[in-house]
Amino acid sequence: MAPGYGDTDSNNHTGFLTVEQGAAILVRMATLGADGPTGGFFSEDGPVPW
Ligand SMILES: NC(=O)c1ccc[n+]([C@@H]2O[C@H](COP(=O)([O-])OP(=O)(O)OC[C@H]3O[C@@H](n4cnc5c(N)ncnc54)[C@H](OP(=O)(O)O)[C@@H]3O)[C@@H](O)[C@H]2O)c1
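Under numbering that gives the first Met the number 0, think of the first position of the sequence shown as 0, with each following residue one higher.
Put into structure tokens, the structure is as follows:
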């Protein structure tokens, strides 16, 4: 999954999303039910071409 460009130490705080915003997709994917999508690459905006 892609968290987007987050405001963290690793990019000297140039990211435009908060850590909480970046974490949203990770939490959502980690808590998917058994019928959730698999084998894909996802961001907050949905599937990402890969
Ligand atoms: N920021 C973005 O926009 C972005 C986008 C896509 C992917 N990513 C990826 O997300 C990951 C984290 O990036 P970030 O932006 O959150 O970086 P970050 O702000 O530099 O945070 C890295 C975290 O890893 C911890 N850490 C580093 N070495 C460690 C070790 N040996 N043992 C335990 N913890 C360790 C650090 O702990 P301390 O605070 O204690 O040093 C810190 O909490 C990276 O793999 C990065 O490539 C980031």
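C-beta: ideal position from N, C-alpha, C; glycine also.
Since residue i is in the alpha helix (DSSP H), which residue starts that stretch and which ends it?
i   : result
V18 : 18–29
Can you find the residues in the same chain that come closer than 7 Å, C-beta to C-beta, to residue i, ignoring five residues on each side of it along the sequence?
i   : result
Y4  : G14, F15, L16
H12 : D6
Measure the C-alpha to C-alpha separation of residue i and residue j and round it to an integer number of angstroms.
i   : j   : result
S42 : E19 : 14 Å
G21 : P36 : 19 Å
Beta-carbon within less than 8 Å of residue i's beta-carbon, same chain only, minus the 5 sequence neighbours each way: which residues are those?
i  : result
A1 : I24, F40, F41, S42, V47
Residue i: buried (16+ other C-beta within 10 angstroms of its C-beta) or exposed?
i   : result
G45 : exposed
Less than 6 Å between C-beta atoms, sequence neighbours within five positions excluded: which residues of the same chain meet that for residue i?
i   : result
W49 : F40
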